[in-house]
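**Q** The structure is given below, and queries will be raised subsequently.
In the numbering used here, the protein residues as written are 5 to 154.
Laid out in structure tokens, this is it:
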């Protein structure tokens, strides 16, 4: 079964919080899929990860760009795993991904300012638990860090 971590965004957007999580995961040798809701979001995050920090970038690719299997981080809007990732990050995904059990770790981000997203996250939490996954809840602190609450 997978380890599922819910990350409840309060003080930062996904765009602001994601690079730190990805940087930490890469430093441990993980390969990562970032699943986003649509091609426009993939394009946006593709641009963002190249430019979010003036002194660096996160090595990554987007599905359809080629060499997907070689990417340490692959952005996609589909349920796929061409780079053999052991971690999936879900950004603004409303349903349980059909392939979540293919990953050792799933980081499921939810926008704490959007009640529809929170309601959908509650349904995903229940579905993950019912499927036998280990589920934890992390709340964003005022300084942008994370504190485990459940």
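Think of the CB as a built atom: it goes at the ideal place given N, C-alpha and C, for glycine as much as any other residue.
1) Is the segment 46 to 60 touching the segment 146 to 153 in the sense that three or more CB pairs, one from each, lie closer than 8 Å?
2) State yes or no: is the C-beta of residue 145 within less than 9 Å of the C-beta of residue 8?
3) Kindly list the residues whose CB is nearer than 6 Å to the CB of residue 14, restricted to its own chain and excluding five residues on each side of it in sequence; keep chain order.
4) Three Cβ pairs or more, each shorter than 8 Å: is that satisfied between the segment 86 to 103 and the segment 13 to 33?
5) For residue 163, collect the residues of the same chain with a Cβ closer than 6 Å to its Cβ; drop the 5 residues on either side in sequence, then sort them by chain order.
6) Which residues in the same chain as residue 18 place their Cβ atom closer than 6 Å to its Cβ, once the five residues preceding and following it in sequence are excluded?
7) With DSSP run on the structure shown, which of helix, strand or coil describes residue 49?
8) Look up residue 11 in the DSSP assignment and give the residues it is bridged to.
**A** Taking the definition as stated:
1) Segments in contact, no.
2) no
3) 116 and 144
4) yes
5) The first residue shown for the chain is 5 and the last is 154, placing residue 163 beyond what the model contains.
6) 95 and 113
7) Residue 49: helix per DSSP, three-state reduction.
8) 113 and 142, per the DSSP bridge assignment.
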